[in-house]
Amino acid sequence: MSGVQPTGNLHIGNYLGALVNWVELQKHYEAFFCVVDLHALTQRPDPAALQRAVREVAIGVLASGVDPDKSTVFVQSHVPQHSELGWILTCLTPLGDLNRMTQFKDKSVQQPENINAGLFTYPILQTADIALYRAERVPVGEDQEQHLELARETLRRFNFVYGETFPDPQTVKSQAPRVIGLDGQAKMSKSKGNELGLFETDEETLAKLRAAKTDPARLRKSDKGTPEVCNIFSYHGFFTPAAQREEIAAGCRSAQLGCVDCKKMLAAHLEAVKAPIRERATALREHPARLDEILAAGASKARAAAESTMQLVRERVGLRPAP
Ligand code: AMP
86 MSGVQPTGNL
96 HIGNYLGALV
106 NWVELQKHYE
116 AFFCVVDLHA
126 LTQRPDPAAL
136 QRAVREVAIG
146 VLASGVDPDK
156 STVFVQSHVP
166 QHSELGWILT
176 CLTPLGDLNR
186 MTQFKDKSVQ
196 QPENINAGLF
206 TYPILQTADI
216 ALYRAERVPV
226 GEDQEQHLEL
236 ARETLRRFNF
246 VYGETFPDPQ
256 TVKSQAPRVI
266 GLDGQAKMSK
276 SKGNELGLFE
286 TDEETLAKLR
296 AAKTDPARLR
306 KSDKGTPEVC
316 NIFSYHGFFT
326 PAAQREEIAA
336 GCRSAQLGCV
346 DCKKMLAAHL
356 EAVKAPIRER
366 ATALREHPAR
376 LDEILAAGAS
386 KARAAAESTM
396 QLVRERVGLR
406 PAP
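Numbering (the numbering used here), first residue to last: 86 to 408.
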């Protein structure tokens with residue numbers, strides 16, 4: 086089980102940190118992937134923009150290779166049990182546990198005009214997302230590690246108080262659990278504006294790469310560089326075949342290869358990954374009824390699984406159906 090927020094477009098960090106693993110895990114496990122629109126409400130998005138973003142992010146997930154015949158792909162708010170379990174778990178979570186969450190502190194700085202209670206209880210809703218499907222593996226980037234730790238503690242508490250109900254959800258990290266943004270400093274993120282978009286064209290990517298930070302010691306092409314300290318070289322690690330990477334590293338160290346050419350090579354390798362994703366996304370945009378069908382089928386499967394868990398949970402905590 087994993088989710089992605091419909092806030093802005095997907096970027097290379099989402100792709101490398103999470104989506105790559107979603108595609109891999111669906112081959113081996115029963116998988117649930119959702120667009121978490123309830124979580125996005127913590128940022129009070131424009132309603133029409135939210136609806137558009139939900140579809141775009143769902144398209145991105147499918148275009149990246151998540152196969153709706155193998156995985157259940159759905160929208161969080163189509164399964165009302167997420168909110169219901171979220172409340173039950175809220176009543177089990179000590180304030181002190183939430184107070185430690187660094188993402189809440191970061192978001193409070195990012196949106197000081199809107200520090201709402203949903204931002205604070207965000208990780209509990211996330212715990213409900215996972216627990217509803219009694220998920221054992223959660224493929225996410227490193228930024229979610231602390232939330233997953235809280236999820237494990239909360240679900241262990243539920244099991245202790247009400248009897249064994251939920252498995253311990255383990256974090257599954259990809260080879261790139263923390264992709265750095267184009268500024269070379271912070272985690273790549275939509276809110277920081279330092280991202281390489283998954284749907285960007287070759288030209289857009291190249292324009293962004295041109296302005297991106299490289300090894301600060303290379304002011305002129307004739308300055309010798311250290312690839313290990315260069316953010317652009319770290320991207321080569323994800324997209325460029327090993328042999329060519331060696332050549333690039335040697336060219337950087339000897340100053341035979343300039344940063345501009347190095348960036349052009351990266352753009353070409355990125356494009357090889359992004360072009361087919363963009364093509365599949367365009368095809369999905371041209372057939373909105375196909376996306377509706379996938380999301381309707383996903384919601385129906387997810388609701389069935391979620392309701393089966395909720396019947397057990399309601400029974401355990403003492404909530405009885407109406408007579
Ligand atoms: P979000 O857009 O915050 O919903 O994130 C969706 C998924 O992408 C989560 O599993 C995140 O951990 C992952 N993710 C987001 N940004 C990055 C990044 N810069 N590096 C690696 N993974 C990331």
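Just so you know, even glycine gets a beta-carbon here, dropped at the ideal spot from N, CA and C.
None of these values were measured; they are calculated from a predicted model.
Burial state of Phe245, where buried means 16 or more other Cβ atoms lie within 10 Å:
For the purposes of this step, residue 245 is identified with residue 160 of the sequence shown, where counting begins at 1. Answer is exposed; the Cβ neighbour count stays below 16.
Have a look at the DSSP bridge pairing and note the partners of Cys119.
As a first step, residue 119 is located in the sequence shown; it is residue number 34 there, counting from the start. Bridge partners of Cys119: Gly88 and Phe159.
Compute the minimum distance between the beta carbon of Gly282 and the heavy atoms of the ligand AMP, and state whether it is under 7 Å.
Start at 1 with the first residue of the sequence shown, and residue 282 comes out as number 197. For the ligand AMP, not one heavy atom lies less than 7 Å from the Cβ of Gly282.
For Val257, the first and last residue of its enclosing beta strand (DSSP E)
On the sequence shown, position 172 is the one that residue 257 refers to. Counting along the chain, the beta strand (DSSP E) containing Val257 begins and ends at Gln255 to Val257.
Tell me, to the nearest whole angstrom, how far the beta carbon of Thr311 is from that of Ala302; I am working on the premise that it is less than 8 Å.
Indexing the sequence shown from 1 puts residue 311 at position 226. Indexing the sequence shown from 1 puts residue 302 at position 217. That pair is a contact at about 7 Å.
Which one of Glu288, Ile265, Thr286 and Asp287 has the shortest CA to CA distance from Gly278?
The residue labelled residue 278 in the question sits at position 193 within the sequence shown. Comparing Cα positions, the closest option is Ile265.
Using a beta-carbon distance below 8 Å, is Gln111 in contact with chain D?
No chain D appears in the structure shown, which is made up of a single protein chain.
Terminal residues of the continuous beta strand (DSSP E) containing Arg222?
What you label residue 222 is simply residue 137 of the sequence shown in a count that begins at 1. First-last of the beta strand (DSSP E) with Arg222: Arg222 to Pro224.
Kindly list the residues whose CB is nearer than 7 Å to the CB of Asp300, restricted to its own chain and excluding five residues on each side of it in sequence; keep chain order.
What you label residue 300 is simply residue 215 of the sequence shown in a count that begins at 1. In its chain, beyond the 5 residues on either side, Gly310, Thr311, Val314 and Cys315 have a beta carbon closer than 7 Å to the beta carbon of Asp300.
Backbone CA spacing between Pro252 and Arg222 [nearest angstrom]
Here residue 252 is taken as the residue at index 167 of the sequence shown, counted from 1. Here residue 222 is taken as the residue at index 137 of the sequence shown, counted from 1. One C-alpha to the other measures close to 10 Å.
Residues of its chain near Gln255, where Cβ-Cβ distance is below 6 Å and the 5 sequence neighbours each way are ignored
Here the question's residue 255 lines up with position 170 in the sequence shown. For Gln255, where only same-chain residues beyond five positions count, the Cβ hits under 6 Å are Arg222.
Please state whether the Cβ-Cβ distance between Ala391 and Leu217 is less than 8 Å.
To locate residue 391, count along the sequence shown from 1; it is residue 306. To locate residue 217, count along the sequence shown from 1; it is residue 132. Contact: yes.
I need the straight-line Cα distance from Leu170 to Ala357, nearest angstrom please.
Numbered from 1 along the sequence shown, position 85 holds the residue referred to as residue 170. Numbered from 1 along the sequence shown, position 272 holds the residue referred to as residue 357. If I take the Cα positions, the gap works out to 42 Å.
Of the listed residues Val105, Asn99, Trp107 and Phe117, nearest to Ala389 (C-alpha basis)
Start at 1 with the first residue of the sequence shown, and residue 389 comes out as number 304. Here the closest residue by C-alpha is Phe117.
Measuring only the C-alpha atoms, how far is Gly98 from Cys337?
Position 13 of the sequence shown holds residue 98. Position 252 of the sequence shown holds residue 337. Their Cα atoms are separated by approximately 25 Å.
If distances are taken between C-alpha atoms only, which option among Pro179, Ile209 and Leu174 comes closest to Gln188?
Taking the first residue of the sequence shown as position 1, residue 188 is located at position 103. Comparing Cα-Cα distances from Gln188 to each of Pro179, Ile209 and Leu174, the minimum goes to Ile209.
Hey, how far is the Cα of Lys349 from the Cα of Gln329?
Position 264 of the sequence shown, counted from the first residue, corresponds to residue 349. Position 244 of the sequence shown, counted from the first residue, corresponds to residue 329. Cα to Cα, the separation comes out at about 13 Å.
Just the Cα atoms here: how many angstroms apart are Leu490 and Glu238?
Lying outside 86 to 408, the shown extent of the chain, residue 490 is not represented and no answer is given.
What does Lys272 pair with, by DSSP beta-bridge criteria?
Taking the first residue of the sequence shown as position 1, residue 272 is located at position 187. The partner list for Lys272 (beta bridge, DSSP) reads Ile265.
So, using beta-carbon positions, are Leu174 and Lys192 closer together than 8 Å?
By 1-based counting over the sequence shown, the position of residue 174 is 89. By 1-based counting over the sequence shown, the position of residue 192 is 107. Not closer than 8 Å, so no.
Is it buried or exposed, Gly383, if we count other Cβ atoms within 10 angstroms and call 16 or more buried?
Locating residue 383 in the sequence shown gives position 298, counting from the first residue. Flag for Gly383 reads buried.
So Leu174 is in the alpha helix (DSSP H); what residue range does that whole segment cover?
Along the sequence shown, read from residue 1 onward, the residue named residue 174 stands at position 89. Looking at the DSSP string, the run of the alpha helix (DSSP H) that includes Leu174 is Gln166 to Thr175.
At the level of alpha carbons, what is the spacing between Pro179 and Thr206?
For the purposes of this step, residue 179 is identified with residue 94 of the sequence shown, where counting begins at 1. For the purposes of this step, residue 206 is identified with residue 121 of the sequence shown, where counting begins at 1. Near 11 Å, if we compare the C-alpha coordinates of Thr206 and Pro179.
To which residues does DSSP link His96 through a beta bridge?
One-based indexing of the sequence shown puts residue 96 at position 11. Per DSSP, Gly282.
Does the distance from the CB of Lys275 to the CB of Gly93 come in under 8 Å?
The residue given as residue 275 occupies position 190 in the sequence shown. The residue given as residue 93 occupies position 8 in the sequence shown. The answer is yes: Cβ separation under 8 Å.
Please state whether DSSP places Ile333 in a helix, a strand or coil.
Taking the sequence shown and counting its residues from 1, one reaches residue 333 at position 248. Ile333: helix per DSSP, three-state reduction.
Taking all protein chains shown into account, do 16 or more other C-beta atoms lie within 10 angstroms of the C-beta of Ser156, making it buried, or fewer, making it exposed?
Here residue 156 refers to the residue found at position 71 when the sequence shown is read from its first residue. Classification of Ser156: buried, given that the 10 Å Cβ count is 16 or more.
Given Leu110, which residues of its chain have a CB within under 8 Å of its CB, disregarding the five upstream and five downstream residues?
On the sequence shown, residue 110 is found 25 positions in, with the first residue counted as 1. Excluding its 5 nearest sequence neighbours in each direction, Leu110 has C-beta neighbours in its own chain below 8 Å: Ala116, Arg222, Pro224 and Val257, listed in chain order.
At a cut-off of 7 Å, is Met86 close to the ligand AMP when judged by its beta-carbon and the heavy atoms of the ligand?
Indexing the sequence shown from 1 puts residue 86 at position 1. Not under cutoff, so the answer is no.
With distances taken from CA atoms, which of Gly145, Leu147 and Gln128 is nearest Glu198?
In the sequence shown, residue 198 corresponds to position 113, counting from 1. Comparing Cα positions, the closest option is Gln128.
Output the distance between the C-alpha atoms of Ile417 and Val121, rounded to the nearest integer angstrom.
Shown here, the chain extends from 86 to 408; a query on residue 417 therefore has no answer.
If we ignore side chains and look at the alpha-carbon of each, how far apart do Ala213 and Val402 end up?
By one-based count along the sequence shown, residue 213 stands at place 128. By one-based count along the sequence shown, residue 402 stands at place 317. Taken atom to atom, the span from the alpha-carbon of Ala213 to that of Val402 is near 15 Å.
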